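See structure below.
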Amino acid sequence: GQNIDQPTEMTATEGAIVQINCTYQTSGFNGLFWYQQHAGEAPTFLSYNVLDGLEEKGRFSSFLSRSKGYSYLLLKELQMKDSASYLCAVGVKAAGNKLTFGGGTRVLVKP
Amino acid sequence: GAVVSQHPSWVICKSGTSVKIECRSLDFQATTMFWYRQFPKQSLMLMATSNEGSKATYEQGVEKDKFLINHASLTLSTLTVTSAHPEDSSFYICSAGGLAGIYTDTQYFGPGTRLTVL
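From first to last, the protein sequence lines are chains A and B.
Heads up, the first sequence stops at 111 in the numbering used here, and the numbers go up one at a time, no gaps.
Heads up, the second sequence stops at 1118 in the numbering used here, and the numbers go up one at a time, no gaps.
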């Protein structure tokens, strides 16, 4: 099976940087996904890592180390609208590309 | 690209009735669609995986006779909650995968359907 761990909550100040860590144990790894979910809404896709290294997309970056079973999502220049839950999910190829989600990290951005 | 719609966005029904939720990929053909359920302040729980033209694969603990899934085309999947009860009240979210290109394994989510059973 899959085991995915991420912190439950994080608080940061507007304009700052926050790093959300995610560790996982899985078989048949087929990519690490990060989604953002605002309260009462569906998740929106942020990033996808399948090879080791850093992927940068504007203010958001995601890093993957497959050997360590570790990823992080880096949010720079935080804005109030970034207050949301951030979901780490692992894809499993053998299971029809289904995703297993971590519990999510609630990020609260304060002025 | 990669827009997924879901209908209805919310529904209130009486206990014992059935509710159908539609999930459509609007601008791409989805080889696979997924149905999730999410309770307040919890993460997404996968209920089932459906492929066009074949039977859905249900996760352990999900009753396939209660949650009927039909994947009639590459752009439409439906979830029917049969004989709904108050404990079925939840946020139901579908996702679609199979977008051509580098994100073919990425799932794109519909806006969700909030079901309340009285």
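Even for Gly, the Cβ is constructed at its ideal location relative to N, Cα and C.
Bear in mind the structure is a predicted one, so any value in this text is a computation, not a measurement.
{"query": "With H, G and I counted as helix, E and B as strand and the rest as coil, what does DSSP make of A/Asp-5?", "result": "strand"}
{"query": "Taking contact to mean 3 or more Cβ pairs, one atom from each stretch, closer than 8 Å, check whether the stretch 1001-1011 of chain B and the stretch 1047-1064 of chain B are in contact.", "result": "no"}
{"query": "In this structure, how does DSSP classify A/Lys-110 when only helix, strand and coil are distinguished?", "result": "strand"}
{"query": "Under the three-state reduction of DSSP, which class applies to A/Lys-98: helix, strand or coil?", "result": "strand"}
{"query": "Exposed or buried, what is B/Ser-1083 when buried is set at 16 or more other beta-carbons lying within 10 Å of its beta-carbon?", "result": "exposed"}
{"query": "Rounded to whole angstroms, how far is the Cβ of A/Ser-85 from the Cβ of A/Gly-104, which I believe are closer than 8 Å?", "result": "4 Å"}
{"query": "Whether or not the stretch 71-91 of chain A and the stretch 1031-1040 of chain B are in contact is what I'm after, with contact meaning three or more pairs of Cβ atoms, one per stretch, closer than 8 Å; do they touch?", "result": "no"}
{"query": "Would you decide whether A/Asn-3 is buried or exposed? Buried here means 16 or more other CB atoms lie within 10 Å of its CB.", "result": "exposed"}
{"query": "If we count the other Cβ atoms within 10 Å of its Cβ and call it buried at 16 or more, is B/Lys-1014 buried or exposed?", "result": "exposed"}
{"query": "Against chain B, does A/Phe-63 count as a neighbour if the rule is that its beta carbon must be under 9 Å from one of theirs?", "result": "no"}
{"query": "In chain A, which residues lie with their C-beta within 9 Å of the C-beta of B/Pro-1111?", "result": "Glu-41 and Ala-42"}
{"query": "With distances taken Cα to Cα, identify the nearest neighbour of B/Glu-1022 among B/Thr-1116, B/Leu-1118, B/Val-1117 and B/Gly-1112.", "result": "B/Gly-1112"}
{"query": "Entirely within the stretch 1021-1077 of chain B and at least 3 residues each: give me those beta strand (DSSP E) ranges in chain order.", "result": "1032-1038, 1045-1051 and 1067-1073"}
{"query": "Is it buried or exposed, A/Arg-59, if we count other Cβ atoms within 10 angstroms and call 16 or more buried?", "result": "exposed"}
{"query": "Would you say B/Ser-1043 lies against chain A (beta-carbon separation less than 9 Å)?", "result": "yes"}
{"query": "By a C-beta neighbour count over all protein chains shown, 10 Å radius and 16 as the cutoff for buried, is B/Ser-1054 buried or exposed?", "result": "exposed"}
{"query": "The beta strand (DSSP E) with A/Thr-26 in it runs from where to where?", "result": "No beta strand (DSSP E) holds A/Thr-26; DSSP gives it neither H nor E."}
{"query": "Given a cut-off of 9 Å, decide if A/Gln-25 and A/Gly-69 are closer than it, judged by their beta-carbon atoms.", "result": "yes"}
{"query": "Where B/Ser-1043 and A/Leu-87 are concerned, what is the direct C-alpha to C-alpha distance, given to the nearest angstrom?", "result": "8 Å"}
{"query": "Might you give, ordered along the chain, the residues of its own chain that have their beta carbon closer than 7 Å to the beta carbon of B/Thr-1017, omitting 5 neighbours on each side?", "result": "Ala-1084"}
{"query": "Measure the C-alpha to C-alpha separation of A/Ile-17 and B/Glu-1087 and round it to an integer number of angstroms.", "result": "40 Å"}
{"query": "Taking CB distances under 9 Å as the criterion, tell me whether A/Gly-28 reaches chain B.", "result": "no"}
{"query": "What's the C-alpha gap between A/Gln-37 and B/Phe-1109?", "result": "11 Å"}
{"query": "Can you tell me which of A/Gly-28, A/Ile-20 and A/Glu-14 puts its alpha carbon nearest to the alpha carbon of A/Tyr-35?", "result": "A/Ile-20"}
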